[in-house]
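Below is one structure, written out as structure tokens, with a few remarks after it.
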């Protein structure tokens, strides 16, 4: 009887630890030297579906929400690491980088001049040639919506409909079942 009690007590302590939030910079974002042309090749060789670029700003409350409520969740980290290479870009950053074509520029020029990022966060999904597939501006409402956004890209649904329409369709399907 005592061993059953200890087993239950141990499980109560261990199970919540497995779902603990984890630092998104260590577990969601991939490391990069800022050469996106090279990252395209890395994504291809790793069998990824696309590259996700998270355009952020330090003082952005919506970016902070995403990092502390969504991107730090183990299930989000596992799904996105499986299907994408994920990189963060500071839209005010002076760090030099290379875009998908190998052109050298600062992060802020990559964000503002090339991708016209004016508000944050912006999630840009790019194919393995560097072509933009999907752009989502703002924060998602929760983990489920962000995972749905990932599924929307992975399954190529963006070719058929908008993300808003896809969400509506998914909600109707869930209500019907």
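Numbering (the working numbering), first residue to last: 17 to 193. Note that CB positions come from ideal geometry on N, CA and C, so glycine has one too.
Just verifying my parser: in three-state terms, what is the DSSP assignment at residue 178?
coil
Report the residue from 51, 136 and 70 whose alpha carbon sits nearest the alpha carbon of residue 116.
The alpha carbon of residue 116 has as its nearest neighbour, out of 51, 136 and 70, the alpha carbon of 51.
Please report the straight-line C-alpha distance between residue 175 and residue 36, rounded to a whole angstrom.
Near 35 Å, if we compare the C-alpha coordinates of residue 36 and residue 175.
Tell me the DSSP secondary structure of residue 171 in three-state form.
In this structure, residue 171 counts as coil in the three-state DSSP scheme.
Using 8 Å as the threshold, is the C-beta distance between residue 95 and residue 166 below it?
yes
Here's the rule: buried if 16 or more other CB atoms are within 10 angstroms of the residue's CB, otherwise exposed. What is residue 110?
exposed
Does DSSP put residue 160 in a helix, in a strand, or in coil?
helix
Express the C-alpha separation of residue 139 and residue 70 in angstroms, rounding to a whole number.
5 Å
Can you give me the Cβ contacts of residue 120 inside the same chain, cut-off strictly under 8 Å, excluding the 5 residues immediately before and after it?
112, 113 and 114
Answer yes or no: do residue 137 and residue 155 have a C-beta to C-beta separation smaller than 8 Å?
Their beta carbons are under 8 Å apart, which means residue 137 touches residue 155 by this criterion.
Between residue 66 and residue 144, is the Cβ-Cβ spacing less than 8 Å?
Cβ atoms of residue 66 and residue 144: closer than 8 Å.
Taking 6 Å as the limit between beta carbons, can you name the residues of its chain near residue 43, skipping five residues before and five after?
93
Considering only the beta carbon of each residue, do residue 54 and residue 107 sit closer than 8 Å?
no
Consult DSSP for residue 28 and reduce its assignment to one of helix, strand or coil.
Summary for residue 28: the model assigns pLDDT 48, below 50, so the residue's position carries little reliability; its value from the coordinates is reported in the next sentence. Helix, per DSSP.
What runs of the alpha helix (DSSP H), each 4 residues or longer, lie entirely inside the segment 54 to 101?
Segments of the alpha helix (DSSP H) lying fully in the segment 54 to 101: 77 to 81 and 90 to 99.
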